[in-house]
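Accompanying notes for the structure given below.
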Amino acid sequence: MEYAVVMKGIVKRFPGVLANNHVDLFVEKGEIHAIVGENGAGKTTLMKQLYGLLKPDEGEIYINGTKVEFSGPADAIKHGIGMVHQHFMLVENLTAYENVIIGMEPKKGLILDRKKARNEVKKLSEEYGLMVDVDMKIEDMPVGLQQRVEIIKTLYRGADILILDEPTAVLTPQETEELFDILRRLKKNGKTIIFISHKLNEVMAISDRITVMRQGKVTGNLITSQTTPQEIARLMVGRDVVLTVEKKPKKPGETLLEVKDLWVKDNRGLDAVKGISLEVKKGEIVGIAGVAGNGQSELVEAITGLRRVEKGKVLFKGKDITGYDPKRLRDLGIYHVPEDRLKRGLIVDFPAYFNTILGRHMIEPFVKNGFLNFREIKSFSRKLFEEFDIRPRNIELLAGSFSGGNQQKIIVARELSFSPELLVVAQPTRGLDVGAIEFIHKTLVSMRDRGVGILLISMELDEIFSLSDRILVMYEGQIMGEVRPEETTREEVGLMMAGHRLEEIRK
Ligand SMILES: Nc1ncnc2c1ncn2[C@@H]1O[C@H](COP(=O)(O)OP(=O)(O)O)[C@@H](O)[C@H]1O
Ligand SMILES: [Mg+2]
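As structure tokens, this is what we get:
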């Protein structure tokens, strides 16, 4: 067998973390090889070593059979490796082709031969069906196109082995499909592709073989056509996982939240929410889908008292609560799991147990006769730690000493453990592992079944589909349409995410 990439016994340590623990990776020439694993499993770290951004502490790397030691990406590029990062590295106010040739402009004498460069970039774009307008500025491109510019950039530098780190995280379903077409085309042209993801359906759809990672180690080498999402999930998590949420039909009750013609500005003072109206009833989950940055954050912040409402109203059980601060909203039974949890949610130099009751530290049973009731607090905290599988299982540690994922779990656990009437949750499972996601989904559904009204904002379409009773799709500050998950398709929602109105699609 000919291997494009062999990584053997790779060890990489960070202070306090063994990010890669004797990892072996074998990537065959011309295949699409997926690396899957939960957040923090060590995927990006492994790829950064392959791309020369990090040096392994131990282990060996072979490219096309030759042993290599890279001292930087320039070495990796020389060996035909290209990487498209999770966060793009393009210059916003330059055109596509200018971005592609940055740093390696072809010279005619001493001046840049723009015409030649532009033509080469154009040729590459056409050859691989990338369909990029080479003269368009990056800032005018949707994210999906920007990503293609990144791909062209690696090809222009002669990449034969392409690494794509979570490329679909920022894409609509249609853009994902288009990316997959491009990857298939690259493969047909003999390129080798390493595709990193934690989305099992994508891995099943696009890869030939799969390497599964968990806590820095390889836990499985699979052939895609001979495995199942359940098997991959088990290897990722270390136990059986329920991938679908059980949810029984339920009739929603009275209206809790009403948003009427709401207008909100973003940090730059531009209209981010443009006349949105919606309702959430008792016992229903209303999901808001959309690509990041279409006004969802501003909408949530306006509803939860964190951002000014320019125009319009927010009502709770018919009462006007526009502009109420978070404390007053809590008193009414309205709770919020914020998107930027680490900024808003924790006191890092307080013990974890205190953080699990933050916001309720003034009320019974956590306060008795004016004093904190530590026994009560700690037993409550231990229960949450157990339920949410927060690690390490030590409530005495300072909140700041937990890993990012576990800090998130502390906050989510706390907010869900209040007994809200209305819950506004933004990206409740972002950064969490499959096991924790499963638990949080179950908790949200059981809260709904107990009559809590839930407004759910999520970039994860799977999450929106499996939890929501109704789905609203947001695009550029407006609602493109409302659908029920059982009566729509991912394609239809995807089209709305890209700015098409439902009436227009169903016409
Ligand atoms: N530069 C760094 N410094 C310290 N720790 C890091 C650094 N990069 C990654 N880590 C840690 O290494 C582990 C693996 O991270 P990463 O490779 O990014 O995982 P993945 O890409 O699978 O989500 C995590 O615990 C992460 O916090
Ligand atoms: Mg990563």
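Just so we're aligned, residue 1 is where the sequence shown starts under the UniProt record's numbering, counting upward by one. Quick reminder that beta carbons are idealized off the backbone N, C-alpha and C, glycines included.
Continuous beta strand (DSSP E) stretch holding residue i: start and end
| i | result |
| --- | --- |
| residue 470 | 470 to 475 |
| residue 165 | 161 to 165 |
| residue 259 | 255 to 265 |
| residue 97 | Looking at the DSSP string, residue 97 is not in any beta strand (DSSP E); the run it does join, the alpha helix (DSSP H), is 96 to 101. |
| residue 211 | 209 to 214 |
| residue 13 | 3 to 14 |
| residue 27 | 17 to 28 |
| residue 335 | 334 to 337 |
| residue 221 | 217 to 223 |
| residue 280 | 271 to 281 |
| residue 357 | Unbroken run through residue 357: none, as it is neither H nor E. |
| residue 197 | 192 to 197 |
| residue 409 | Per DSSP, residue 409 belongs to no beta strand (DSSP E); it is in the alpha helix (DSSP H), 404 to 417. |
Any non-hydrogen atom of ligand 2 within 7 Å of residue i CB
| i | result |
| --- | --- |
| residue 43 | yes |
| residue 86 | yes |
| residue 438 | no |
| residue 202 | no |
| residue 31 | no |
| residue 165 | yes |
beta-carbon residue i near ligand 1 non-hydrogen atom, thresh 7 Å
| i | result |
| --- | --- |
| residue 39 | yes |
| residue 205 | no |
| residue 212 | no |
| residue 19 | yes |
| residue 403 | yes |
| residue 56 | no |
| residue 15 | yes |
Cβ-Cβ separation, residue j to residue i (assumed contact under 8 Å), whole Å
| i | j | result |
| --- | --- | --- |
| residue 273 | residue 477 | 5 Å |
| residue 12 | residue 19 | 5 Å |
| residue 412 | residue 245 | Incorrect: roughly 16 Å between the Cβ atoms, too far for contact. |
| residue 72 | residue 52 | 5 Å |
| residue 200 | residue 232 | 5 Å |
N- and C-terminal bounds of the alpha helix (DSSP H) containing residue i
| i | result |
| --- | --- |
| residue 449 | 434 to 449 |
| residue 390 | Taken as a continuous stretch (DSSP letters only), residue 390 belongs to no alpha helix (DSSP H), as it is neither H nor E. |
| residue 504 | 502 to 506 |
| residue 138 | Residue 138 -> no alpha helix (DSSP H), and no H or E assigned at all. |
| residue 175 | 173 to 188 |
| residue 493 | 490 to 497 |
| residue 230 | 229 to 237 |
| residue 466 | 461 to 467 |
| residue 116 | 114 to 127 |
| residue 510 | Outside the shown range of the chain, which is 1 to 507, sits residue 510, and nothing can be said about it. |
Residue from the options whose Cα sits closest to the Cα of residue i
| i | options | result |
| --- | --- | --- |
| residue 280 | 144, 461, 264 and 303 | 303 |
| residue 173 | 4, 205 and 400 | 205 |
| residue 196 | 244, 92, 93 and 83 | 83 |
| residue 177 | 190, 203 and 198 | 203 |
| residue 56 | 65, 42, 66 and 64 | 42 |
| residue 22 | 213, 101, 70 and 480 | 213 |
| residue 240 | 434, 99 and 336 | 434 |
| residue 419 | 75, 409, 371 and 359 | 359 |
| residue 398 | 388, 264, 410 and 328 | 410 |
| residue 405 | 414, 417 and 390 | 390 |
| residue 381 | 366, 263 and 210 | 366 |
| residue 403 | 507, 39 and 297 | 39 |
| residue 497 | 5, 463, 53 and 479 | 479 |
| residue 348 | 401, 322 and 320 | 401 |
| residue 225 | 238, 237, 211 and 207 | 207 |
Are three or more beta carbon pairs between the stretch 411 to 431 and the stretch 439 to 446 nearer than 8 Å? Touching, per the Cβ criterion.
Using 8 Å as the cut-off, can you tell me whether the stretch 287 to 294 makes contact with the stretch 467 to 474, which would need three or more C-beta pairs spanning the two stretches below that distance? Counting C-beta pairs closer than 8 Å gives three or more between the stretch 287 to 294 and the stretch 467 to 474, which meets the contact rule.
Under 8 Å, with one C-beta from each stretch per pair, do the stretch 313 to 320 and the stretch 248 to 264 reach the 3-pair mark? Touching, yes, given that three or more Cβ pairs across the two stretches are closer than 8 Å.
Counting beta carbon pairs with one atom in the stretch 373 to 381 and one in the stretch 350 to 361, are three or more of them shorter than 8 Å? Yes, the stretch 350 to 361 touches the stretch 373 to 381.
Using 8 Å as the cut-off, can you tell me whether the stretch 120 to 127 makes contact with the stretch 75 to 91, which would need three or more C-beta pairs spanning the two stretches below that distance? Too few Cβ pairs lie closer than 8 Å, so no.
Does the count of Cβ pairs from the stretch 90 to 104 and the stretch 147 to 157 closer than 8 Å reach three? Contact between the stretch 90 to 104 and the stretch 147 to 157 is present: three or more C-beta pairs spanning the two stretches fall below 8 Å.
Counting pairs of beta carbons, one from the stretch 132 to 139 and one from the stretch 155 to 171, are three or more of them closer than 8 Å? No, the stretch 132 to 139 is not in contact with the stretch 155 to 171.
Taking contact to mean at least 3 C-beta pairs separated by less than 8 Å, is the stretch 180 to 196 in contact with the stretch 19 to 39? Yes, since at least three Cβ pairs between the stretch 180 to 196 and the stretch 19 to 39 fall closer than 8 Å, the two stretches touch.
Is the stretch 393 to 407 in contact with the stretch 327 to 335, if contact means three or more CB pairs nearer than 8 Å? Short answer: they don't touch.
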